[in-house]
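Everything on this sheet refers to the single structure shown next.
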Amino acid sequence: MNVETILKTKGRDVVTMRPEATLAAAAKELHRRGIGAIVVTDDKGGVSGILSERDVVHTLAKSGPESLANPIAEVMTHRVHTCRLADTINDLMALMTAQRIRHLPVVEQGKLCGIVSIGDVVKYRLEEVEFEAGALREYVATAG
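Following full-length UniProt numbering, the numbering of the sequence shown begins with 1 at its first residue and continues without gaps.
Okay, here's the thing in structure tokens:
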């Protein structure tokens, strides 16, 4: 199973914001949408950063509530790890584990076309495991 398969089921919607948006606006959007990350895009729609719930919490703990007025460009992760439509679930698990990240924007030919979370990866991996277990049970039952 690959990223394209995941996006066919979950959809390709990605919540994005501009780097000059405030941390307060981003926090409200994270809460309103029930999501864990916002992709920060430049004026051409390219990925310039990612802002996670953890980024918000760390900033508030370190700098206090006055930091809510700051632009998200000051807080976001600038070095964004991304994935491609052809990447497998195993590729994503390895990258997310090695980099300790929970969200991967999906980029094809320089364009943002989706986002995959660790929850998406776990869900689809569990489905694969359940399918494999069912196939093995069926094989054992018919083999003798």
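Glycine included, every Cβ here is placed at the ideal spot set by N, Cα and C.
Remember, predicted model here, so these are calculated numbers, not experimental data.
query	result
When the Cβ atoms of the segment 70-81 are set against those of the segment 15-23, are three or more pairs found closer than 8 Å?	yes
Return the chain-ordered ranges of every alpha helix (DSSP H) run that is complete within the UniProt domain "CBS" (8-66) and spans a minimum of 4 residues.	23-33 and 53-63
Based on DSSP bridge pairs, tell me the residues matched to T77.	I50
Considering just the uninterrupted stretch of the beta strand (DSSP E) at I115, what are its terminal residues?	K111 to S117
Which one of V57, K62, G46 and R33 has the shortest CA to CA distance from V80?	G46
According to DSSP, what are the bridge partners of N2?	T88
I think D55 touches N2, with their Cβ atoms under 8 Å apart; what is that distance to the nearest whole Å?	The pair is not a contact, with the Cβ atoms about 28 Å apart (cut-off 8 Å).
Expressed to the nearest angstrom, what Euclidean distance is found between the alpha-carbon atoms of V121 and E53?	19 Å
Cβ of K8 within 7 Å of any heavy atom in the ligand GDP?	This structure simply doesn't include the ligand GDP, nor any ligand for that matter.
Which same chain residues, not among the five before or five after M93, have their C-beta less than 8 Å away from its C-beta?	V121 and R125
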